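J.:
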Amino acid sequence: MSKRLSHPFPVELSIVIPLLNEAESLPELTRWINRVLVEHGLTYEVLLIDDGSTDDSWDVIGELAETNKNLRGIRFNRNYGKSAALNVGFRETVGRVVCTMDADLQDSPEELPELYRMITEGGFDLVSGWKQKRYDPLSKTIPTKLFNGVTRWISGIQLHDFNCGLKSYDQRVVKSIEVYGEMHRYIPVIAKWSGFRKIGEKVVQHQERKYGVTKFGLERFVYGFLDLMSITFVSRFRRRPMHFFGTMGTLSFVLGMLITLWLVGEKVYLAFNNLKARDVTDQPLFFLALVAVVLGAMLFLTGFLAELIQLNGPNRNDYLVRERVN
Ligand code: UDP
Ligand code: MG
Numbered sequence: 001m002s003k004r005l006s007h008p009f010p011v012e013l014s015i016v017i018p019l020l021n022e023a024e025s026l027p028e029l030t031r032w033i034n035r036v037l038v039e040h041g042l043t044y045e046v047l048l049i050d051d052g053s054t055d056d057s058w059d060v061i062g063e064l065a066e067t068n069k070n071l072r073g074i075r076f077n078r079n080y081g082k083s084a085a086l087n088v089g090f091r092e093t094v095g096r097v098v099c100t101m102d103a104d105l106q107d108s109p110e111e112l113p114e115l116y117r118m119i120t121e122g123g124f125d126l127v128s129g130w131k132q133k134r135y136d137p138l139s140k141t142i143p144t145k146l147f148n149g150v151t152r153w154i155s156g157i158q159l160h161d162f163n164c165g166l167k168s169y170d171q172r173v174v175k176s177i178e179v180y181g182e183m184h185r186y187i188p189v190i191a192k193w194s195g196f197r198k199i200g201e202k203v204v205q206h207q208e209r210k211y212g213v214t215k216f217g218l219e220r221f222v223y224g225f226l227d228l229m230s231i232t233f234v235s236r237f238r239r240r241p242m243h244f245f246g247t248m249g250t251l252s253f254v255l256g257m258l259i260t261l262w263l264v265g266e267k268v269y270l271a272f273n274n275l276k277a278r279d280v281t282d283q284p285l286f287f288l289a290l291v292a293v294v295l296g297a298m299l300f301l302t303g304f305l306a307e308l309i310q311l312n313g314p315n316r317n318d319y320l321v322r323e324r325v326n
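If you read the sequence shown in UniProt numbering, its first letter stands for residue 1, the second for the next number, and so on.
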């Protein structure tokens, strides 16, 4: 780190790499990263987050770290998932720009300098890779298209490939957001909703997996969709849950009351005209009214409970401050 930096960060680029049983890939990957970044004169650190590997990944990391002082390793006690690994990695980074990539050599380190430049010179908060030409089985690429379409539609972010492992971030972004559960698929969405709106995209090279096997099956799409629902809901209504539950509850309750009024009115009308009326319990509408009223009241109660929880929670007043003066 002899070079004088024009910013207060200890290194220019931090690379966070979550990994689960990727021992064979690591030596090649770290050598390749080192070669590219040295060529481009970028100071860097690599954070290898061992997410509970059961092969020799951790030993390999130890050996590599002895010869390359830019490598740092963190080992989880068990497997927590890619999001957890990224989250811990993000907390630890010190670079001006933070990149993430997969450990399996499917992502190419050659992309790193340009991803770095797009943040520092291009002015983006976040740049996401786009595996325009993918080397994955069809069973994965087709559902992925659907997944990306739905996410684009719900989030309004025009990215082609939300789940690309290769991304770069301004340091402020990774220190402001939290990635949990399986939310690594939606980091651009979380970032946008935290106010980081300059989101870019870069076409990146993609390779077939060279060693090891994929760690995600088809359940990723079901969970992924549920997660999208959660973050959409949470980001809009976390601070005001009653607005959501209250609206739904009111609609349902009013609908139930209207149907009830109709049923009562009909009965009274028929009685006055000496016509024979059906029993209310004989009419499907009655049950609809019953369900709607009860559901409405329940939604209301849920809203009040959610407000109470939110009011007493520790995060009720955490806001992201972008800048200050004086
Ligand atoms: N990974 C991880 N923890 C997990 C699952 C995966 O750290 O629980 C890592 C994995 O080692 C790889 C990256 O996340 O570096 C992407 O996983 P994978 O290549 O299996 O996903 P795919 O490319 O098939 O989408
Ligand atoms: Mg992969």
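Where a beta carbon is used, it is the ideal one built from N, C-alpha and C, also for glycine.
These figures come from a predicted structure and were not determined experimentally.
I believe L105 touches K210 by the beta-carbon criterion, under 8 Å. Please report the beta-carbon distance rounded to the nearest angstrom.
T.: Translated into the one-based positions of the sequence shown, residue 105 becomes position 105. Translated into the one-based positions of the sequence shown, residue 210 becomes position 210. Between K210 and L105 the Cβ distance is about 5 Å, and since that is below 8 Å, they are a contact.
J.: Within the continuous alpha helix (DSSP H) that includes V293, where are the two ends?
T.: The residue labelled residue 293 in the question sits at position 293 within the sequence shown. Its alpha helix (DSSP H) spans residues 284 to 312.
J.: Specify which residues have a beta carbon nearer than 6 Å to any heavy atom of ligand 1, listing them in chain order.
T.: Taken from the N-terminal end onward, the list reads P18, L19, L20, E22, D51, N79, G81, K82, A85, D102, A103, D104, Q106, G165, T214, K215, F216.
J.: Should R134 be listed as close to ligand 2, given that the test is whether its C-beta is under 7 Å from any heavy atom?
T.: Counting from one through the sequence shown, the residue named residue 134 turns up at place 134. False, no ligand heavy atom lies under 7 Å from that Cβ.
J.: I'd like the span of the alpha helix (DSSP H) that includes L218, first residue to last.
T.: Your numbering for residue 218 matches position 218 in the sequence shown. Per DSSP, L218 belongs to no alpha helix (DSSP H) and is neither H nor E.
J.: Is T141 buried or exposed, if buried means 16 or more other CB atoms sit within 10 Å of its CB?
T.: Numbered from its first residue, the sequence shown carries residue 141 at position 141. Under this definition T141 is an exposed residue.
J.: Unbroken beta strand (DSSP E) runs of length 3 or more, entirely within the stretch 140 to 214: which are they?
T.: Listed in chain order, the complete beta strand (DSSP E) runs (minimum 3 residues) inside the stretch 140 to 214 are 167 to 170, 199 to 203.
J.: Identify, in the order they occur along the chain, each residue of the same chain with its Cβ nearer than 8 Å to the Cβ of L308, setting aside the five sequence neighbours on each side.
T.: As a position in the sequence shown, residue 308 is number 308, starting the count at 1. Contacts found: none.
J.: Alpha carbon to alpha carbon, what distance is there between M257 and Q283?
T.: Start at 1 with the first residue of the sequence shown, and residue 283 comes out as number 283. Start at 1 with the first residue of the sequence shown, and residue 257 comes out as number 257. Those two C-alpha atoms are separated by around 15 Å.
J.: Can you check which of these residues, D161, V189, C164, K276, is closest to V173 by C-alpha distance?
T.: Translated into the one-based positions of the sequence shown, residue 173 becomes position 173. For the residues D161, V189, C164, K276, the minimum Cα distance to V173 belongs to V189.
J.: Compare the Cα-Cα distances from F216 to each of K131, T144, R236, V97 and report the closest residue.
T.: Translated into the one-based positions of the sequence shown, residue 216 becomes position 216. Minimum Cα distance to F216 is reached at T144.
J.: Nearest by alpha-carbon distance to L29: which of G313, V98, D161, L71 is it?
T.: Against the sequence shown, residue 29 aligns to sequence position 29. The option with the nearest alpha carbon to L29 is L71.
J.: Just to check my reading of the structure: L290 and L263 have Cβ atoms closer than 8 Å, yes? What is that Cβ distance to the nearest angstrom?
T.: Position 290 of the sequence shown, counting from 1, holds the residue named residue 290. Position 263 of the sequence shown, counting from 1, holds the residue named residue 263. Incorrect: roughly 10 Å between the Cβ atoms, too far for contact.
J.: Thinking C-alpha only, which one of D279, R78, G165 is nearest K202?
T.: Position 202 of the sequence shown, counted from the first residue, corresponds to residue 202. Of the candidates D279, R78, G165, the one whose C-alpha sits nearest the C-alpha of K202 is G165.
J.: Hey, L26 and L64: beta-carbon distance below 8 Å or not?
T.: Here the question's residue 26 lines up with position 26 in the sequence shown. Here the question's residue 64 lines up with position 64 in the sequence shown. For L26 and L64, yes; Cβs fall inside 8 Å.
J.: Run through the DSSP bridge pairs and tell me what P18 is partnered with.
T.: Position 18 of the sequence shown holds residue 18. I49, per the DSSP bridge assignment.
J.: Are at least three pairs of beta-carbons, each pair with one atom in the stretch 231 to 240 and one in the stretch 126 to 138, less than 8 Å apart?
T.: Touching, no.
J.: Below 8 Å CB to CB, which residues in the same chain sit around E266 once its five sequence neighbours on both sides are set aside?
T.: As a working mapping, residue 266 is identified with position 266 in the sequence shown. Here the set comprises A277.
J.: With respect to 7 Å, is the separation between the Cβ of R209 and the closest non-hydrogen atom of ligand 2 below this value?
T.: Mapped onto the sequence shown, residue 209 falls at position 209. Checking every heavy atom of ligand 2 against the Cβ of R209, one is found closer than 7 Å.
J.: Do the CB positions of F300 and F244 come within less than 8 Å of each other?
T.: By 1-based counting over the sequence shown, the position of residue 300 is 300. By 1-based counting over the sequence shown, the position of residue 244 is 244. No. Outside cutoff.
J.: Report yes if the CB atom of I157 is closer than 8 Å to the CB atom of L228, and no otherwise.
T.: Taking the sequence shown and counting its residues from 1, the one referred to as residue 157 is at position 157. Taking the sequence shown and counting its residues from 1, the one referred to as residue 228 is at position 228. No.
J.: How should N21 be labelled, buried or exposed, when 16 other C-beta atoms within 10 angstroms of its C-beta is the threshold for buried?
T.: Within the sequence shown, residue 21 is the residue found at index 21, counting from 1. Label assigned to N21: buried.
J.: Can you grab the Cα-Cα spacing for the pair E121 / S168, in whole Å?
T.: As a first step, residue 121 must be located in the sequence shown, where it is residue number 121. As a first step, residue 168 must be located in the sequence shown, where it is residue number 168. Their backbone Cα atoms lie some 13 Å apart in a straight line.
J.: According to DSSP, what are the bridge partners of I74?
T.: Within the sequence shown, numbered from 1, the residue matching residue 74 stands at position 74. Answer by DSSP bridge pairing, in chain order: I49.
J.: In whole angstroms, what is the alpha-carbon distance linking S194 and R220?
T.: The count along the sequence shown starts at 1 and reaches residue 194 at position 194. The count along the sequence shown starts at 1 and reaches residue 220 at position 220. Going by the C-alpha atoms only, they are around 24 Å apart.
J.: Could you give the residue range of the beta strand (DSSP E) that holds L126?
T.: Numbered from its first residue, the sequence shown carries residue 126 at position 126. 126 to 130 is the extent of the beta strand (DSSP E) around L126.
J.: Tell me, please, which residues DSSP counts as bridged to Y44.
T.: Your numbering for residue 44 matches position 44 in the sequence shown. BP columns for Y44 point to L13.
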